[in-house]
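A.B. asks:
Number of protein chains: 2
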Amino acid sequence: MSRRIASSKATVVSQAERDIRARLDDHELDFTAMSAISNIYRAGSAVRNHMERSLLADYDLSWVAFTVLWVLWIWGEQETGHVAAEAGITKGTLTGVMKTLQARRLIKRIPHRDDRRRVSIGLTKAGVRMIERVFPEFNTHETLAVSGLTVAEQHELARLLRLVLKKVSSIGPDEEA
Amino acid sequence: MSRRIASSKATVVSQAERDIRARLDDHELDFTAMSAISNIYRAGSAVRNHMERSLLADYDLSWVAFTVLWVLWIWGEQETGHVAAEAGITKGTLTGVMKTLQARRLIKRIPHRDDRRRVSIGLTKAGVRMIERVFPEFNTHETLAVSGLTVAEQHELARLLRLVLKKVSSIGPDEEA
DNA sequence: GGATACTCATTTGAGTACAAACGATTTCTG
DNA sequence: CAGAAATCGTTTGTACTCAAATGAGTATCC
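Residue numbers (the working numbering), protein chains in the order written: chain B, 1 to 177; chain E, 1 to 177.
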């Protein structure tokens with residue numbers, strides 16, 4: 001499996017941010033917003049990258065494959081459309097991921113009782129074993145990632161991110177509210 | 001252009017987080033870390049998604065293409081390896097993006113004076129026009145995205161993210177420090 | 001009840017993304 | 001200075017990703 005974003009020298013943000021400011025100072029830009037947003041994206045990429053390399057690669061799982069297993073673990077058998085939405089991918093993408101996961105016998109398809117258009121998916125026993133082995137490790141890495149923050153700061157970080165998320169989602173082309 | 005991550009119903013985080021906690025309560029997990037980290041990733045995806053749909057699509061630029069133009073704008077002509085690192089992608093990926101951008105006459109190749117292995121790239125005049133038209137709009141969207149936070153909170157968000165970024169980078173397979 | 005409209009998942013086509021292999025070039029070493 | 005090692009961008013192979021088109025199935029409307 002492969003999806004990856006290279007970690008970069010650019011992760012030494014502070015100096016880079018100073019360089020940027022120096023270059024753009026006369027452009028009337030909102031540097032505070034720029035700094036916050038770019039760090040969200042950088043941190044998000046770094047986290048995904050780290051998890052893929054340090055953990056998921058050992059189990060030959062992509063980030064998305066892991067996410068799908070996790071969704072099915074938490075919420076149980078779900079229709080594909082719902083799984084796609086929860087995993088943050090389109091239905092089309094999910095079809096491909098399902099093919100991979102099904103080939104590895106980690107998920108199974110469950111045809112809908114009445115409506116033959118619909119398909120639900122669920123974890124196989126092997127799928128349950130997989131996620132129950134991987135997730136605690138995943139969580140350990142999460143703990144490590146925020147270990148530079150106090151618990152109060154971790155709560156504050158989550159709170160601020162939820163605000164950004166809410167605002168961005170409210171602007172987007174879907175979910176007009 | 002295409003790379004995209006679907007925004008999802010899952011952006012209504014609070015209820016989802018409660019559901020998760022209910023399911024996993026006896027697994028001895030660090031929910032605070034989980035909440036912080038998953039929101040970083042969700043917010044990062046939402047931001048990228050939003051920018052691609054609401055802004056970059058109008059100029060037929062992918063996120064990565066935009067990032068490359070931005071890097072070249074800020075730091076001027078650079079060797080490909082350096083651009084890839086700054087943009088957070090691999091050299092292989094950059095080759096493909098360069099092909100697209102060069103076909104649109106937004107960047108140009110500059111062969112190295114002595115070392116024929118090396119190639120630098122830089123913005124063409126059309127490339128400069130493009131980024132100077134797009135970036136102020138991009139920044140406006142950034143401002144909007146954090147408009148639910150006070151300026152102090154925006155600074156705090158950036159600070160906390162830098163701490164996470166620093167920690168994650170320090171663990172990674174590269175940059176062992 | 002038969003055409004029409006709708007709603008699902010899937011397929012398609014193009015672009016993005018990685019690691020690993022490669023070829024061209026430069027640098028190091030004996 | 002010739003062969004080995006290192007370094008650079010590119011190519012290759014596989015997987016992910018989206019939007020849009022497609023196909024299968026269901027619901028509506030007259």
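Even glycine gets a Cβ: it sits at the ideal position worked out from N, Cα and C.
Can you give me the C-alpha to C-alpha distance between T80 of chain E and W70 of chain E, rounded to a whole angstrom?
C.D. replies: Within the second sequence, numbered from 1, the residue matching residue 80 of chain E stands at position 80. Within the second sequence, numbered from 1, the residue matching residue 70 of chain E stands at position 70. Straight-line Cα distance between these residues: approximately 14 Å.
A.B. asks: Starting from the C-beta of V146 of chain B, find all residues in its chain whose C-beta is less than 7 Å away, skip the five residues before and the five after it, and write them out in chain order.
C.D. replies: Numbered from 1 along the first sequence, position 146 holds the residue referred to as residue 146 of chain B. Contacts found: Q154.
A.B. asks: In chain E, which residues lie with their C-beta within 9 Å of the C-beta of V200 of chain B?
C.D. replies: There is simply no residue 200 of chain B to check, as chain B begins at 1 and stops at 177 in what is shown.
A.B. asks: Quick check on the burial criterion: 16 or more other C-beta atoms within 10 angstroms. Buried or exposed for G96 of chain B?
C.D. replies: Residue mapping note: residue 96 of chain B aligns to position 96 of the first sequence, counting from 1. Flag for G96 of chain B reads exposed.
A.B. asks: Measure the CB-CB distance between R129 of chain E and N39 of chain B and report whether it falls below 9 Å.
C.D. replies: Numbered from its first residue, the second sequence carries residue 129 of chain E at position 129. Numbered from its first residue, the first sequence carries residue 39 of chain B at position 39. Cβ distance not < 9 Å, so R129 of chain E and N39 of chain B don't count as in contact.
A.B. asks: Please classify E156 of chain B: does DSSP put it in a helix, a strand, or coil?
C.D. replies: Locating residue 156 of chain B in the first sequence gives position 156, counting from the first residue. Of the three classes helix, strand and coil, the one that applies to E156 of chain B here is helix, per DSSP.
A.B. asks: Cβ closer than 8 Å: which chain B residues qualify as neighbours of V151 of chain E?
C.D. replies: Here residue 151 of chain E is taken as the residue at index 151 of the second sequence, counted from 1. Residues of chain B passing the Cβ test: T32.
A.B. asks: Run through DSSP, which three-state label would I89 of chain B get?
C.D. replies: Counting from 1 along the first sequence, the entry for residue 89 of chain B is found at position 89. It is coil, neither helix nor strand.
A.B. asks: Could one say the Cβ of R118 of chain B lies closer than 9 Å to chain E's Cβ atoms, at least one of them?
C.D. replies: Within the first sequence, numbered from 1, the residue matching residue 118 of chain B stands at position 118. Judged by the 9 Å Cβ criterion, R118 of chain B is not in contact with chain E.
A.B. asks: Does D58 of chain E get closer than 9 Å to chain B when you measure Cβ to Cβ?
C.D. replies: Your numbering for residue 58 of chain E matches position 58 in the second sequence. Judged by the 9 Å Cβ criterion, D58 of chain E is not in contact with chain B.
A.B. asks: Which full runs of the beta strand (DSSP E) of 3+ residues lie inside the segment 33-80 of chain E, going along the chain?
C.D. replies: As far as the segment 33-80 of chain E is concerned, it has no whole beta strand (DSSP E) run of at least 3 residues.
A.B. asks: Along the alpha helix (DSSP H) that carries V134 of chain B, what are the first and last residues, could you check?
C.D. replies: Within the first sequence, numbered from 1, the residue matching residue 134 of chain B stands at position 134. Counting along the chain, the alpha helix (DSSP H) containing V134 of chain B begins and ends at 125-145.
A.B. asks: Under DSSP, the beta strand (DSSP E) around R113 of chain B begins and ends at which residues?
C.D. replies: Taking the first residue of the first sequence as position 1, residue 113 of chain B is located at position 113. Run containing R113 of chain B: none; DSSP gives neither H nor E here.
A.B. asks: Could you check the C-alpha separation between L24 of chain B and Q78 of chain B for me, to the nearest Å?
C.D. replies: As a working mapping, residue 24 of chain B is identified with position 24 in the first sequence. As a working mapping, residue 78 of chain B is identified with position 78 in the first sequence. When rounded, the distance between both Cα atoms is 49 Å.
A.B. asks: Under a CB-based cut-off of 9 Å, is Q154 of chain B close to chain E?
C.D. replies: The residue given as residue 154 of chain B occupies position 154 in the first sequence. Chain E contact via Cβ: present.
A.B. asks: Count the other C-beta atoms from every protein chain shown that fall within 10 angstroms of the C-beta of E28 of chain B, then say buried if there are 16 or more, exposed otherwise.
C.D. replies: Position 28 of the first sequence, counted from the start, is the residue given in the question as residue 28 of chain B. Its Cβ having fewer than 16 others within 10 Å, E28 of chain B is exposed.
A.B. asks: Pick from B:L144, B:V68, B:R116: whose alpha carbon is nearest that of I131 of chain B?
C.D. replies: Along the first sequence, one-based indexing puts residue 131 of chain B at 131. Taking only the C-alpha atoms, the option nearest I131 of chain B is B:V68.
A.B. asks: Go ahead and pull the three-state DSSP assignment for R4 of chain E.
C.D. replies: Locating residue 4 of chain E in the second sequence gives position 4, where the first residue counts as 1. Note that R4 of chain E has pLDDT 38, beneath the 50 cutoff, so the model's placement of it is unreliable and no number is given.
A.B. asks: Measure the CB-CB distance between G200 of chain B and R159 of chain B and report whether it falls below 9 Å.
C.D. replies: Any answer about residue 200 of chain B is impossible in this case: the structure gives chain B only from 1 up to 177.
A.B. asks: Examine chain E for any beta-carbon lying closer than 9 Å to the beta-carbon of G44 of chain B, and answer yes or no.
C.D. replies: Along the first sequence, read from residue 1 onward, the residue named residue 44 of chain B stands at position 44. Yes, because at least one Cβ of chain E sits closer than 9 Å to the Cβ of G44 of chain B.
A.B. asks: In the structure shown, what three-state DSSP assignment does G148 of chain E receive?
C.D. replies: In the second sequence, counting from the first residue as 1, residue 148 of chain E sits at position 148. In this structure, G148 of chain E counts as coil in the three-state DSSP scheme.
A.B. asks: Using the beta-carbon of each residue, which ones in chain B are nearer than 7 Å to V134 of chain E?
C.D. replies: Counted from its first residue, the second sequence places residue 134 of chain E at position 134. By Cβ distance, chain B contributes nothing, its closest Cβ being about 13 Å from V134 of chain E, past 7 Å.
A.B. asks: A46 of chain E: buried (16+ other C-beta within 10 angstroms of its C-beta) or exposed?
C.D. replies: Within the second sequence, numbered from 1, the residue matching residue 46 of chain E stands at position 46. The residue in question, A46 of chain E, is buried, as its Cβ has 16 or more Cβ neighbours within 10 Å.
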